[in-house]
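*Asks:*
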Amino acid sequence: MNSPTAQLAAFAAGLRFDAIPEPVVRRTEDLLVDWFASAVAGHGSRPVESITRFAQAMGPQPVLGCDTEPAGAAEVIVNRARTSPYLATMANAAASHVAEQDDVHNGSVFHPATVVFPAAVATAQALGASGQQLIVASVAGYEVGIRVGEFLGRSHYKVFHTTGTAGTLAAAAAVGNLLGLNAQLMRHAFGSAGTQSAGLWEFLRTGADSKQLHPAHASAAGLMAAYLAKDGFTGAAQIFEGPQGMAAGMSSDADPAKLIDRLGTRWATAETSFKYHASCRHTHPAADALLQVMQAHGLKPDDLARVVTHVHQGAIDVLGPVVRPATVHQSKFSMGTVLALVARFGHAGLVEFDQHFLDEATQSLRDRVTMELDAEVDGAYPQRWIGKVTVYTTDGRVLQGRVDEPKGDPGNTLSRDEITAKALRLAAFSGGATPSEMQAAVEALWQVAQWPRVGALLAGAA
0 MNSPTAQLAA FAAGLRFDAI PEPVVRRTED LLVDWFASAV AGHGSRPVES
50 ITRFAQAMGP QPVLGCDTEP AGAAEVIVNR ARTSPYLATM ANAAASHVAE
100 QDDVHNGSVF HPATVVFPAA VATAQALGAS GQQLIVASVA GYEVGIRVGE
150 FLGRSHYKVF HTTGTAGTLA AAAAVGNLLG LNAQLMRHAF GSAGTQSAGL
200 WEFLRTGADS KQLHPAHASA AGLMAAYLAK DGFTGAAQIF EGPQGMAAGM
250 SSDADPAKLI DRLGTRWATA ETSFKYHASC RHTHPAADAL LQVMQAHGLK
300 PDDLARVVTH VHQGAIDVLG PVVRPATVHQ SKFSMGTVLA LVARFGHAGL
350 VEFDQHFLDE ATQSLRDRVT MELDAEVDGA YPQRWIGKVT VYTTDGRVLQ
400 GRVDEPKGDP GNTLSRDEIT AKALRLAAFS GGATPSEMQA AVEALWQVAQ
450 WPRVGALLAG AA
């Protein structure tokens, strides 16, 4: 069988370190450090703590008389406990998505890190895999997950949270590579992963906690699918393009060609963007465009009479339901709140959201921001996320702002110094690690390709 499913499975199973270009390896190290910082940032978050308590309640318990021994092979980053790879994956995936600082791939509208790294790291720790093996598995996960997101198309994203759906396949690919699955077994893993794909946007209307459940489930389900395949468990042979597969049930514009787009020559991993603002990525282009206008014209928040953001339809679909955000997390999906914080503080970070999203000044600015569908922006999306704003000032001026590559995109990326600074900010905000612990952990992670064995990322940093 030479279906797109079979070809993608063969790629994920056969990927090896020497086939990955060095710049992609370096980029994967950057993405790993960035993900780790987001996982630390989940420390103390109520939804994350809830999922972590569940994981630990379901997990292995310490052996009587051996209280000093870890209760499992894999690390739970937010509390440095040990549990099974499956449950550590669940906890770490939830933790790394809550701060809204994890990475995103534009063309697939997919957050790869929060589903790939939790499963890959936990499995690598359990197997005693090397740092190079972790990198290969992670790249396999990114390449598969991104292509699945692109395959499912824009119609899918209107209802489904792609990180929860494509994420199961991304995690299965990463873990399957670490387990040494051959092409046939990887295809079975894909079948079992795809049939578990889930994640609906309805949670946004009430600010529910489900967004953290999406990566937790997707990453753990992908890991389970790979382990089951290793044990001989079979899955659908054409889970993507089959008559009752993912495309049939979850998309009206699916394109199977996207699944195998330039496999082995186009490295989608390197196309992934970092997040600068701690909010939904759909807000970032407009936020950067507003900053551009304010800086160019020396504007203060009180100078803003009205701000029109010119956006793609995906932004309207996701952000539109959030009119009066009631929680910190919900406010990160409010275009008006994000732009208000950017106007007031120059950056919409974790502290700004936590302390100021309901300030009277923030709410006043929020209500002056509107979204309008823009043909150019919508036509470029999702391959390009253009930021355009029209600013109406209190003294009667009409000013235009435009950003073609928001901060964090590959053409406007974060340096390693900026990634390190971001990691230290996230750890300081959550209290999940001391500055010295975080600095040591980050410095060690930059050298992951030299690690003979993947151990604890944080617990061993003290």
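Sequential numbering of the sequence shown, starting at 0, is according to numbering that gives the first Met the number 0. Even glycine gets a Cβ: it sits at the ideal position worked out from N, Cα and C.
#1: My assumption, with CB atoms under 8 Å, is that Ala-92 sits in contact with Ala-215. Please give the rounded CB distance.
#2: Measuring only the C-alpha atoms, how far is Gly-234 from Ala-192?
#3: Give me, in chain order, the residues of the same chain whose beta-carbon lies closer than 6 Å to that of Ala-426; leave out the 5 immediate sequence neighbours on both sides.
#4: Using a Cβ-Cβ cut-off of 6 Å (strictly less than) and excluding sequence neighbours within five positions of Leu-227, which residues of its own chain qualify?
#5: Is there contact here, the stretch 163–176 with the stretch 0–12, by at least three beta-carbon pairs under 8 Å?
#6: Scan the stretch 213–253 and note each continuous alpha helix (DSSP H) run of 4 residues or more that stays entirely inside, going in chain order.
#7: Have a look at Met-249 and Ala-136 and give me their C-alpha separation to the nearest angstrom.
#8: May I ask which residues mark the beginning and end of the alpha helix (DSSP H) holding Gly-166?
#9: If you follow the beta strand (DSSP E) that Thr-142 is part of, which residue opens it and which one closes it?
#10: Return yes when at least one heavy atom of the ligand COA lies under 6 Å from the C-beta of Gln-449, else no.
#11: How is Val-307 classed by DSSP in three states: helix, strand or coil?
#12: Could you check how far apart the C-beta atoms of Gln-124 and Gly-454 are, in whole angstroms? I think they sit under 8 Å.
#13: Note down, in chain order, each residue of its chain lying with its Cβ closer than 6 Å to the Cβ of Ser-37, except the 5 sequence neighbours on either side.
#14: Put Leu-199 into one of helix, strand or coil per three-state DSSP.
#15: When we look at the beta-carbon of Glu-21 and count the other beta-carbons within 10 Å, is it buried (16 or more) or exposed?
#16: Only counting the same chain, and skipping five residues up and downstream in sequence, which positions put a Cβ closer than 7 Å to that of Arg-463?
#17: Taking only the alpha-carbon atoms, compute the straight-line gap between Phe-232 and Met-89 and give it to the nearest angstrom.
#18: Which residues in the same chain as Leu-357 place their Cβ atom closer than 6 Å to its Cβ, once the five residues preceding and following it in sequence are excluded?
#19: Whole alpha helix (DSSP H) runs in the stretch 67–135 with 4 or more residues, listed along the chain?
#20: Any contact of the stretch 139–146 with the stretch 257–274, i.e. 3+ C-beta pairs under 8 Å?
#21: Roughly how many whole angstroms lie between the Cα atoms of Pro-61 and Ser-83?
#22: Here's the rule: buried if 16 or more other CB atoms are within 10 angstroms of the residue's CB, otherwise exposed. What is Gly-378?
#23: On the DSSP bridge assignment, give the partners of Lys-387 in chain order.
#24: Between Trp-450 and Val-32, how many whole angstroms is the CB-CB distance? I'm expecting something under 8 Å.
#25: Compute the Euclidean distance between the alpha carbons of Ala-267 and Glu-142, then round it to the nearest angstrom.
#26: How long is the line joining the alpha carbons of Glu-375 and Ala-182, rounded to whole angstroms?
#27: Using a 10 Å radius around the Cβ and a threshold of 16 neighbouring Cβ atoms, would you call Ala-460 buried or exposed?
#28: Does the stretch 278–294 come close enough to the stretch 339–350 that 3 or more CB-CB pairs lie under 8 Å?
#29: Mark Asp-373 as exposed unless 16 or more other C-beta atoms lie within 10 angstroms of its C-beta, in which case mark it buried.
#30: Determine whether the beta carbon atoms of Ser-107 and Ser-251 lie at a separation below 7 Å.
#31: Under the DSSP definition of a beta bridge, which residues are partnered with Val-368?
#32: In chain order, what residues of the same chain lie with their CB nearer than 6 Å to the CB of Asp-17, ignoring the 5 residues before and after it?
#33: In the DSSP output, what is Ser-44 paired with across the bridge?
#34: Taking Cβ positions, are Leu-289 and Val-341 nearer each other than 7 Å?
#35: I'd like the list of long-range same chain contacts for Ala-54, defined as Cβ closer than 8 Å, with 5 residues on each side in sequence excluded.
#36: With DSSP as the reference, label Ser-272 as helix, strand or coil.
*Replies:* Here's the rundown:
#1: Walking along the sequence shown from the start, residue 92 turns up at place 93. Walking along the sequence shown from the start, residue 215 turns up at place 216. Confirmed, about 5 Å.
#2: Translated into the one-based positions of the sequence shown, residue 234 becomes position 235. Translated into the one-based positions of the sequence shown, residue 192 becomes position 193. Gly-234 and Ala-192: Cα-Cα distance of roughly 8 Å.
#3: Taking the sequence shown and counting its residues from 1, one reaches residue 426 at position 427. Val-39, Ala-432 and Met-437, listed in sequence order.
#4: As a working mapping, residue 227 is identified with position 228 in the sequence shown. Excluding sequence neighbours, Leu-227 sits near Ser-191.
#5: yes
#6: Under the rule that a run must span 4 or more residues, the alpha helix (DSSP H) segments found entirely inside the stretch 213–253 read 245–249.
#7: One-based indexing of the sequence shown puts residue 249 at position 250. One-based indexing of the sequence shown puts residue 136 at position 137. Taking C-alpha positions only, Met-249 is separated from Ala-136 by approximately 27 Å.
#8: Indexing the sequence shown from 1 puts residue 166 at position 167. 161–178 is the extent of the alpha helix (DSSP H) around Gly-166.
#9: If you number the sequence shown from 1, residue 142 lands on position 143. A quick correction: the sequence has Glu, not Thr, at residue 142. Element bounds for Glu-142: not the beta strand (DSSP E) but the alpha helix (DSSP H), 130–158.
#10: In the structure shown, the ligand COA is absent, as is every other ligand, since no ligand is present at all.
#11: For the purposes of this step, residue 307 is identified with residue 308 of the sequence shown, where counting begins at 1. Of the three classes helix, strand and coil, the one that applies to Val-307 here is strand, per DSSP.
#12: Numbered from 1 along the sequence shown, position 125 holds the residue referred to as residue 124. Numbered from 1 along the sequence shown, position 455 holds the residue referred to as residue 454. Confirmed, Cβ separation roughly 7 Å.
#13: Indexing the sequence shown from 1 puts residue 37 at position 38. Here the set comprises Ser-95, Ala-98, Gln-100 and Asp-101.
#14: Numbered from its first residue, the sequence shown carries residue 199 at position 200. Strand, per DSSP.
#15: In the sequence shown, residue 21 corresponds to position 22, counting from 1. Exposed.
#16: Here the chain covers residues 0 to 461 and nothing more, so residue 463 does not appear.
#17: Taking the sequence shown and counting its residues from 1, the one referred to as residue 232 is at position 233. Taking the sequence shown and counting its residues from 1, the one referred to as residue 89 is at position 90. About 22 Å.
#18: For the purposes of this step, residue 357 is taken as the residue at position 358 of the sequence shown. Excluding sequence neighbours, Leu-357 sits near nothing in its chain.
#19: 84–94 and 112–126
#20: yes
#21: In the sequence shown, counting from the first residue as 1, residue 61 sits at position 62. In the sequence shown, counting from the first residue as 1, residue 83 sits at position 84. Low per-residue confidence applies at Pro-61: pLDDT is 49, beneath 50, and the placement is therefore not dependable, though the value from the model is reported in the following sentence. Approximately 12 Å, taken between the alpha carbons.
#22: Here residue 378 is taken as the residue at index 379 of the sequence shown, counted from 1. It is exposed - the Cβ of Gly-378 has fewer than 16 other Cβ atoms within 10 Å.
#23: Locating residue 387 in the sequence shown gives position 388, where the first residue counts as 1. Answer by DSSP bridge pairing, in chain order: His-309 and Arg-401.
#24: As a first step, residue 450 is located in the sequence shown; it is residue number 451 there, counting from the start. As a first step, residue 32 is located in the sequence shown; it is residue number 33 there, counting from the start. Wrong, their Cβ atoms sit about 14 Å apart, outside the cutoff.
#25: Here residue 267 is taken as the residue at index 268 of the sequence shown, counted from 1. Here residue 142 is taken as the residue at index 143 of the sequence shown, counted from 1. Those two C-alpha atoms are separated by around 6 Å.
#26: For the purposes of this step, residue 375 is taken as the residue at position 376 of the sequence shown. For the purposes of this step, residue 182 is taken as the residue at position 183 of the sequence shown. So the two alpha carbons sit approximately 41 Å from each other.
#27: Residue 460 sits at position 461 when you count from the first residue of the sequence shown. Because the pLDDT of Ala-460 is 41, which lies under 50, any placement of that residue in the model is unreliable, and the number read from its coordinates should be weighed accordingly. It is buried - the Cβ of Ala-460 has at least 16 other Cβ atoms within 10 Å.
#28: The stretch 339–350, when compared against the stretch 278–294, does touch it at the 8 Å Cβ threshold.
#29: Translated into positions along the sequence shown, residue 373 becomes position 374. Counting Cβ neighbours within 10 Å, Asp-373 comes out buried, since at least 16 surround it.
#30: Here residue 107 corresponds to residue number 108 of the sequence shown, with the count starting at 1. Here residue 251 corresponds to residue number 252 of the sequence shown, with the count starting at 1. Not a contact, by the Cβ cut-off of 7 Å.
#31: As a first step, residue 368 must be located in the sequence shown, where it is residue number 369. Beta-bridge pairing links Val-368 to Val-306.
#32: The residue labelled residue 17 in the question sits at position 18 within the sequence shown. Same-chain partners within the cutoff: there are none.
#33: For the purposes of this step, residue 44 is identified with residue 45 of the sequence shown, where counting begins at 1. Partner(s): none; Ser-44 has no beta bridge.
#34: Counted from its first residue, the sequence shown places residue 289 at position 290. Counted from its first residue, the sequence shown places residue 341 at position 342. Yes, the Cβ-Cβ distance between Leu-289 and Val-341 is below 7 Å.
#35: Residue mapping note: residue 54 aligns to position 55 of the sequence shown, counting from 1. Excluding sequence neighbours, Ala-54 sits near Val-75, Thr-82, Leu-86, Ala-87, Met-89 and Ala-90.
#36: For the purposes of this step, residue 272 is identified with residue 273 of the sequence shown, where counting begins at 1. Ser-272 falls in the strand class under three-state DSSP.
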